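Note sheet for the following structure.
Numbering (the working numbering), first residue to last: 19 to 213.
What follows is the structure in structure tokens.
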């Protein structure tokens, strides 16, 4: 049997962003009914979301589609926070597919009315860097791999060629020595033959 935590949803008059002077004034309200989702979102994440809203000088969720289920609205806000953290933590080695996935998710949130264009713009900037530099590095690594493969092939071929040349020269020397011995014997016979 699964225990459910009782949550209290408070409805208050709609607060405008211009009235928010500090984190204490910050309430995550959805719909014109003034449903507050603060109890759905841990304080440390609300603080991060507050900072995102402050950076844009507006509630990012203020234009979420009306009638959106509170759990979906909460999920959108939480995932926006996660993606913002992931963008901030991105490194040049971050997979392009991760950044593209974040952008696709944010696009869907934007379609629901979430103001995440600034996050998508940051992703777009980040995507413009790695595509150029990573592809150039990959291309050069592929060239290096091909050059190293060619070098190994040529070294093996040269080694084989050297062995064949050495064997050929040894064979020629042996043949010449045999002929020399034969000629030497004939030479001695001719030189020592009676007059």
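Every residue, glycine too, gets a C-beta built ideally from N, C-alpha and C. This structure is a prediction, so every number in the text was calculated from the model and none was measured.
Pairwise C-alpha distance: residue 88 and residue 42: Here residue 42 corresponds to residue number 24 of the chain shown, with the count starting at 1. Here residue 88 corresponds to residue number 70 of the chain shown, with the count starting at 1. So the two alpha carbons sit approximately 22 Å from each other.
Unbroken stretches of the alpha helix (DSSP H), 4 residues or longer, contained in the segment 50 to 82: 61 to 74
Every unbroken alpha helix (DSSP H) within the segment 96 to 177, with a cutoff of 4 residues, ordered by chain: 114 to 129
Through-space distance from residue 39 to residue 26, alpha-carbon basis: As a first step, residue 26 is located in the chain shown; it is residue number 8 there, counting from the start. As a first step, residue 39 is located in the chain shown; it is residue number 21 there, counting from the start. The pLDDT assigned to residue 26 is 48, lower than 50, so where the model puts this residue is not dependable; a value taken from the coordinates is nonetheless given after this. Distance between the alpha carbons of residue 26 and residue 39: 25 Å.
As assigned by DSSP and simplified to three states, the class of residue 48: As a first step, residue 48 is located in the chain shown; it is residue number 30 there, counting from the start. Residue state, collapsed to three classes: strand.
Burial state of residue 192 (16 or more Cβ within 10 Å): Residue numbering aside, residue 192 sits at position 174 when the chain shown is read from its first letter. So residue 192 ends up on the exposed side.
Nonlocal neighbours in the same chain, by C-beta distance under 8 Å from residue 22, ignoring five residues either side: Along the chain shown, one-based indexing puts residue 22 at 4. Legend: pLDDT at residue 22 = 45, less than 50; position of this residue unreliable, value from coordinates given subsequently. Beyond the five residues adjoining it in sequence on each side, residue 22 comes within less than 8 Å, by CB distance, of no other residue in the same chain.
Three-state class that DSSP yields for residue 87 in the structure shown: Within the chain shown, numbered from 1, the residue matching residue 87 stands at position 69. The answer is coil: DSSP assigns residue 87 none of H, G, I, E or B.
Proximity below 9 Å, CB of residue 55 to CB of residue 98: For the purposes of this step, residue 55 is taken as residue 37 along the chain shown, with counting starting at 1. For the purposes of this step, residue 98 is taken as residue 80 along the chain shown, with counting starting at 1. Taking 9 Å as the Cβ cut-off, residue 55 and residue 98 do not qualify as a contacting pair.
Buried/exposed call for residue 79, threshold 16 Cβ in 10 Å: Within the chain shown, numbered from 1, the residue matching residue 79 stands at position 61. Looking at its Cβ environment, which holds 16 or more other Cβ atoms inside 10 Å, residue 79 is buried.
Same chain, Cβ closer than 7 Å to residue 141, five either side skipped, listed in chain order: Your numbering for residue 141 matches position 123 in the chain shown. Counting only Cβ-Cβ distances below 7 Å, and skipping sequence neighbours, we find 105, 117, 120, 121.
Per-residue burial, residue 204 [other beta carbons within 10 Å of its own, 16 or more giving buried]: Residue numbering aside, residue 204 sits at position 186 when the chain shown is read from its first letter. Exposure of residue 204 is indicated by the presence of fewer than 16 other C-beta atoms within 10 angstroms of its C-beta.
Assigned exposure category for residue 198 - 16 Cβ within 10 Å defines buried: Locating residue 198 in the chain shown gives position 180, where the first residue counts as 1. Answer is exposed; the Cβ neighbour count stays below 16.
CB of residue 77 within 9 Å of CB of residue 101, strictly: On the chain shown, residue 77 is found 59 positions in, with the first residue counted as 1. On the chain shown, residue 101 is found 83 positions in, with the first residue counted as 1. Their beta carbons are not under 9 Å apart, which means residue 77 does not touch residue 101 by this criterion.
Residue 64 classed as buried or exposed, judged by whether at least 16 other C-beta atoms fall within 10 angstroms: Taking the chain shown and counting its residues from 1, the one referred to as residue 64 is at position 46. Burial call: buried.
Buried versus exposed call for residue 215 [16 or more other C-beta atoms within 10 Å across all chains shown]: As displayed, the chain neither begins before 19 nor continues past 213, which places residue 215 out of reach and without an answer.
DSSP-derived helix/strand/coil call for residue 202: Start at 1 with the first residue of the chain shown, and residue 202 comes out as number 184. In the structure shown, residue 202 sits in a helix (DSSP, three-state: H, G or I).
Straight-line gap, residue 144 to residue 110 (C-alpha atoms, nearest Å): Sequence index remark: in the chain shown, residue 144 carries index 126 (1-based). Sequence index remark: in the chain shown, residue 110 carries index 92 (1-based). One C-alpha to the other measures close to 8 Å.
Secondary structure of residue 209, DSSP reduced to three states: As a working mapping, residue 209 is identified with position 191 in the chain shown. Helix.
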